[in-house]
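In terms of my numbering, the sequence shown opens at residue 6 and continues consecutively.
All C-beta atoms, glycine included, are put in the ideal place defined by N, C-alpha and C.
As the structure is a prediction and not an experimental result, all values here were calculated from the model.
Have a look at the structure below, then the notes.
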Amino acid sequence: MENSTATSEHSHDDDVLPLEIDYIPECVRIKEDEELYMSPEEKSNRLLELIKLLEGNKSSKGIVFQQDLLQRFLIHSRYDVNKAFSRVRNYLTLFKNHNYFFQSIKFDFTVHPSSKFITMLPHRCSDGSITLLYEMGKLRLIIN
Numbered sequence: 006m007e008n009s010t011a012t013s014e015h016s017h018d019d020d021v022l023p024l025e026i027d028y029i030p031e032c033v034r035i036k037e038d039e040e041l042y043m044s045p046e047e048k049s050n051r052l053l054e055l056i057k058l059l060e061g062n063k064s065s066k067g068i069v070f071q072q073d074l075l076q077r078f079l080i081h082s083r084y085d086v087n088k089a090f091s092r093v094r095n096y097l098t099l100f101k102n103h104n105y106f107f108q109s110i111k112f113d114f115t116v117h118p119s120s121k122f123i124t125m126l127p128h129r130c131s132d133g134s135i136t137l138l139y140e141m142g143k144l145r146l147i148i149n
């Protein structure tokens, strides 16, 4: 019973993120606010500026971007619209020239030999990194 309480407390910890993230975590937003000193209005204006640049560009014309995706490019570029625009264009070029990178890969990790001794833990640290558990004793069984 004590273990279930610890697990539920751990899942709400600010230092632990889910493995698959489809949103911008609050800790990232707080760090962004601390480092950039920008008002929400200025961030919104820069997002609109990036959208206008993309609408006027021939390689991105007609593509409807989700604002969360563009916001991630802006955060990565420290809200430098020109850098974010360049990165989005590079992303589109990569997609155009190598779209196989963006296709689903059907790969069953449970049958791969490395899955016998490497386990990816189901959460991320607050910096976004994942944690792998290496069980070296199991590696010896695979090699023999």
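>> Within the continuous beta strand (DSSP E) that includes His128, where are the two ends?
In response: Run containing His128: 123-130, per the beta strand (DSSP E) assignment.
>> Quick check on DSSP: helix, strand or coil for Tyr84?
In response: Three-state DSSP puts Tyr84 in coil, outside helix and strand.
> Can you name the residues that DSSP bridges to Pro23?
Replying inline: Paired residues: His128.
> Which term fits Arg34, buried or exposed, when burial requires 16 or more other beta carbons within 10 angstroms of its beta carbon?
Replying inline: By the neighbour-count rule (16 or more Cβ atoms within 10 Å), Arg34 is not buried but exposed.
> Considering Ile56, what are the terminal residues of the alpha helix (DSSP H) in which it resides?
Replying inline: Element bounds for Ile56: 45-61.
> Rounded to a whole number of angstroms, what is the C-alpha to C-alpha distance between Arg92 and Leu79?
Replying inline: Taking the straight line joining both Cα atoms gives about 9 Å.
>> Could you compute how far the alpha carbon of Leu137 sits from the alpha carbon of Pro23?
In response: One C-alpha to the other measures close to 14 Å.
>> Any contact between the stretch 64-79 and the stretch 88-108? By contact I mean 3 or more CB pairs, one from each, below 8 Å.
In response: The stretch 88-108 and the stretch 64-79 touch, with three or more beta-carbon pairs separated by less than 8 Å.
> Using DSSP with H/G/I as helix, E/B as strand and the rest coil, what is Tyr28?
Replying inline: Tyr28 carries a coil assignment under DSSP once its states are collapsed to helix, strand and coil.
> Lys121 and Lys143 look like a contact to me (Cβ under 8 Å); what is the Cβ gap, rounded to whole Å?
Replying inline: Taking 8 Å as the upper bound for CB-CB distance, Lys121 and Lys143 are in contact here, some 5 Å apart.
> To which residues of the same chain is His128 closer than 7 Å at the C-beta, ignoring the five residues directly before and after it?
Replying inline: Close CB contacts of His128 within its chain, under the 7 Å cut and outside five residues either way in sequence, are with Val21, Leu22, Pro23, Leu24 (chain order).
> What's the call for Tyr84, buried or exposed, on a 16-neighbour Cβ count within 10 Å?
Replying inline: Classification for Tyr84: buried.
> Quick one: what does DSSP say Ile68 is sitting in, helix, strand or coil?
Replying inline: It is coil, neither helix nor strand.
>> Between which residues of its own chain and Cys130 is the CB-CB distance below 8 Å, once the five residues before and five after are set aside?
In response: Spatial neighbours of Cys130 in its own chain (CB-CB distance under 8 Å, excluding positions within 5 residues in sequence) are listed in chain order as Asp20, Val21, Leu22, Thr136.
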